[in-house]
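Trainee: As you go down the protein sequences, you meet chains H and E in turn.
Position 145 of the first sequence, counting from 1, maps to 145 under the working numbering, and the rest follow consecutively.
Position 180 of the second sequence, counting from 1, maps to 180 under the working numbering, and the rest follow consecutively.
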Amino acid sequence: MRAIVIDDERLARKELITLLNQLESVEVVGEAVNVDDAKEKIDQLNPDVIFLDIQMPEKTGFDLLEELENVPHVIFTTAYDEYALKAFQVNALDYLLKPIEPKRLEEAITRLQSKIESYTKSEVSNSTINQKKLTLDDQVFVKDGDRCWFVKLSNVRLFESDGNYIKVYFDNFKPMIHKSLNALDERLDEKSFFRASRKHIINLGWVEGIEPWFNGGLVVTLKGGDKIEVSRRQAARFKEMMSL
Amino acid sequence: MLIMNREKLYWTLQILGWGGFAFVIIFLASVSGGISAVQILPIVVLAMFNLVSTHFLRYIVKTYNWFKLSIPLLLSQSLLAILALSFVYVIAQILVNVVFNTLNPEEDFRILVIFATLFQAFLFYVVWFLLYFLFHFLDNYNTSLKYEAKINEIRLNHLKSQLNPHFIFNALNSVRALVDEDPVKAKSAITRISNMLRFSLMMDKKQIIEFAEELSTVKDYLELESIRFEERLQIKYLIEDEAYSYKIPPMMLQTIVENAIKHGISNLVKGGLIEIKCREGLNEDLYIQVKNSGHLDQAPSLKSKGDEGHGLSNTVQRLKLIYGGQASFRIFNSGNQFVITEIKIPKQNVKFK
Chain H
1 MRAIVIDDER
11 LARKELITLL
21 NQLESVEVVG
31 EAVNVDDAKE
41 KIDQLNPDVI
51 FLDIQMPEKT
61 GFDLLEELEN
71 VPHVIFTTAY
81 DEYALKAFQV
91 NALDYLLKPI
101 EPKRLEEAIT
111 RLQSKIESYT
121 KSEVSNSTIN
131 QKKLTLDDQV
141 FVKDGDRCWF
151 VKLSNVRLFE
161 SDGNYIKVYF
171 DNFKPMIHKS
181 LNALDERLDE
191 KSFFRASRKH
201 IINLGWVEGI
211 EPWFNGGLVV
221 TLKGGDKIEV
231 SRRQAARFKE
241 MMSL
Chain E
1 MLIMNREKLY
11 WTLQILGWGG
21 FAFVIIFLAS
31 VSGGISAVQI
41 LPIVVLAMFN
51 LVSTHFLRYI
61 VKTYNWFKLS
71 IPLLLSQSLL
81 AILALSFVYV
91 IAQILVNVVF
101 NTLNPEEDFR
111 ILVIFATLFQ
121 AFLFYVVWFL
131 LYFLFHFLDN
141 YNTSLKYEAK
151 INEIRLNHLK
161 SQLNPHFIFN
171 ALNSVRALVD
181 EDPVKAKSAI
191 TRISNMLRFS
201 LMMDKKQIIE
211 FAEELSTVKD
221 YLELESIRFE
231 ERLQIKYLIE
241 DEAYSYKIPP
251 MMLQTIVENA
261 IKHGISNLVK
271 GGLIEIKCRE
281 GLNEDLYIQV
291 KNSGHLDQAP
301 SLKSKGDEGH
311 GLSNTVQRLK
321 LIYGGQASFR
331 IFNSGNQFVI
341 TEIKIPKQNV
351 KFK
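1. Given a threshold of 16 other Cβ atoms within 10 Å of its Cβ, counted over all protein chains shown, does D220(E) qualify as buried or as exposed?
2. Closer than 8 Å, CB to CB, is I295(E) near chain H or not?
3. What span of residues does the alpha helix (DSSP H) with F76(H) cover, start to end?
4. Are K59(H) and V33(H) closer than 8 Å when you measure CB to CB?
5. Over the uninterrupted beta strand (DSSP E) stretch that includes Y287(E), give me the two end residues.
6. Cα-Cα, which of L46(E), W128(E) and E7(E) is closest to F23(E)?
7. Can the beta-carbon of I82(E) be found less than 8 Å from the beta-carbon of F27(E)?
8. Which class does Q234(E) belong to by DSSP, given the choice of helix, strand or coil?
9. Check for me: the beta strand (DSSP E) holding N46(H) runs from which residue to which?
10. Between which residues of its own chain and K167(H) is the CB-CB distance below 6 Å, once the five residues before and five after are set aside?
11. Note down, in chain order, every chain H residue with its Cβ under 7 Å from the Cβ of N170(E).
12. Would P250(E) and E214(E) qualify as a contact pair, given that the criterion is a beta-carbon distance under 8 Å?
13. Just to check, is the beta-carbon of N182(H) closer than 7 Å to a non-hydrogen atom of the ligand FMN?
14. For D53(H) and E67(H), I'd like the C-alpha separation in whole angstroms.
15. So, using beta-carbon positions, are S174(E) and I227(E) closer together than 8 Å?
16. Among the candidates T221(H), L204(H) and G205(H), whose CA atom is the shortest distance from the CA of P248(H)?
17. Helix, strand or coil: which one does DSSP assign to R6(E)?
18. With a threshold of 8 Å between beta-carbons, can P212(H) be considered close to chain E, or not?
19. Going straight from the alpha carbon of F133(E) to that of K68(E), what length do you get?
20. In whole angstroms, what is the alpha-carbon distance linking F124(E) and T63(E)?
21. Let me see if you follow: with CB-CB separation under 8 Å, is L197(E) close to chain C or not?
22. Check the Cβ of S266(E) against every Cβ in chain H and list those closer than 9 Å, keeping chain order.
23. Less than 8 Å separating the beta-carbons of I4(H) and V26(H)?
24. Do you know how far the Cα of Q39(E) is from the Cα of M48(E)?
25. Spell out the partners DSSP gives K277(E) in its beta bridges.
26. So I331(E) and L312(E) are in contact, right, with Cβ under 8 Å, and what is the actual spacing, rounded?
27. I believe L16(H) touches I100(H) by the beta-carbon criterion, under 8 Å. Please report the beta-carbon distance rounded to the nearest angstrom.
28. If you drop the 5 nearest sequence neighbours on each side, which residues of the same chain put their C-beta closer than 6 Å to that of T341(E)?
29. Between the beta-carbon of I228(H) and the beta-carbon of I202(H), is there less than 8 Å?
30. For the 8 Å Cβ check, are there 3 or more pairs between the stretch 92-103 of chain E and the stretch 11-21 of chain E?
31. Are the CB atoms of L197(E) and A189(E) nearer to each other than 8 Å?
32. When the cut-off is 8 Å and only beta carbons count, does A12(H) lie next to chain E?
33. Just grab the DSSP bridge partners of G30(H) for me.
34. State the start and end residues of the unbroken beta strand (DSSP E) segment that holds I246(H).
35. Could you work out which residues of chain E lie near E15(H), taking near to mean beta carbons separated by less than 7 Å?
36. Given that a residue counts as buried once 16 or more other Cβ atoms are within 10 Å of its Cβ, and exposed if not, what is S127(H)?
Here it is as structure tokens:
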């Protein structure tokens, strides 16, 4: 497992790298001192996991996650940051408290390894050709104000564009991300997500009912009750996709 | 417990008051011209009537919470109530006289006598009412004073800054790495951490301490932070000798310096400078300035609401509680590069011990 350590303090990086070097399964391929540095190194080295400090100058660890196109696995490292950790509403992410206990670190790595293995298995069975596309098993990082989520795409039923933002619908939440719907559409796997109209992308796994609408359009009902209009142009494609 | 006592007190006062009232009338009557046993009973019954009627008045006052009324409303309502009660008293007196066969129609039904009785009853009820409210207000005032003092104490204890746990754990983390890299430095860091922990445990009981004590803690703190930040943190002290003759609230300078690190240095990729300057003013007061690299985009919230953020509201409130209006606090940009936090502390006159 290839890892990058991101922390603004040299000694903190050194300490963590020393600990990681004692584990056989991990290879530290790089270290970064701030968010911009980290972004560059992640794009360059494409690590399996990043160890991420939350409090860093100018941009925080959360900012980094927001800026990344492809988020690798993340293990947060923090000294004492109830506030920041509370930000995570749904997925209790793995985090390590500094000074890091070697045993806890080992556990976190083991957990992550089994997670990665189950991922690769499902990827093989899905035989995803295009690795760059986001599948239902991928997680996206969403931050809205003080709250953050790592959401599995299979839990997202709907993306709705709203000005320069996209509302991400999952569970009872609909936080906004700063992105265009077109850009997102390109990155989503078209087998799982469908562009219903200029405003909406729906998760096909959540479709519950389909009714005809004016002008040859359709109205799709999602589990949970949201009703989304499919434009006439897309309706034909939709029927094609949903039929045998 | 307190409520029990107050209820007991009320009944004691009621019984003693109206009992005494009956006793005085009987005593005066017997002195002025002798009194027969037949005449005593109606007086006792009337006193009992007064006890019951004033108790009813109290019931009204309590259920409709007259304590909360505005003064004009309270005056008009109580006046009406007392007037009504006085009429009832007049009727009660006649009834009592009928029952005990002591009615003297020629005498007792004269308008003048009825008015006299009415006026007398009115006066008694007014006195009762005044006493009741006076007692109530005194009691209230007393408890609210005690309450205020207690609250202030709690508030002050609460405002005292504790060592920032974030700092402690980061420092320990750096020390862990130092153990391999530079054992001598690691040892001295451990000593500084224990100094700070000891200080923060001991100063808990004190409202003010020697300036020197606080400064040495701040020095320990900055030494530890410079292990973390390495070349990103420069430190400068400009301390006048006079400063050492002052006493200051514990952990106050420490909090300000911590803020300077948190919002200044740690937000800057390249780091910056912390400068601590202490000098005596003209009026026997101490000016403590902490200057740090950085910039204030907006004035930090000094009201207690901004819980997150600068933690400076605590400092402002503490200064106010300890020194009244004699201390002051400012935070401002100094050019584009620096932020200055300044407190002014008077030499003596600690308001709160």
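Note that beta-carbon positions come from the ideal geometry of N, C-alpha and C, so glycine has one too.
Mentor: Let me lay it out:
1. buried
2. The question names Ile, yet the displayed sequence has His at residue 295(E). So, not an interface residue.
3. From DSSP, F76(H) is part of no alpha helix (DSSP H) but of the beta strand (DSSP E) over H73 to T78.
4. no
5. D285 to S293
6. L46(E)
7. no
8. strand
9. First-last for N46(H): undefined, no H or E at that position.
10. E160, K174 and M176
11. A79 and K98
12. yes
13. This structure lacks the ligand FMN, and indeed carries no ligand of any kind.
14. 15 Å
15. yes
16. Beyond the ends of chain H as shown, which are 1 and 244, falls residue 248(H); an answer cannot be given.
17. helix
18. no
19. 12 Å
20. 22 Å
21. The displayed structure is made up of protein chains H and E, and chain C is not among them.
22. D8, Q55, M56 and P57
23. no
24. 15 Å
25. L238(E) and Q289(E)
26. 7 Å
27. 6 Å
28. I256, V290 and I331
29. yes
30. no
31. no
32. yes
33. I4(H)
34. Nothing in the structure corresponds to residue 246(H), since chain H is present only between 1 and 244.
35. N173, R176 and A177
36. Residue placement at S127(H) is flagged as unreliable, the pLDDT there being 41, under the threshold of 50; the coordinate-derived value follows with that caveat. Classification for S127(H): exposed.
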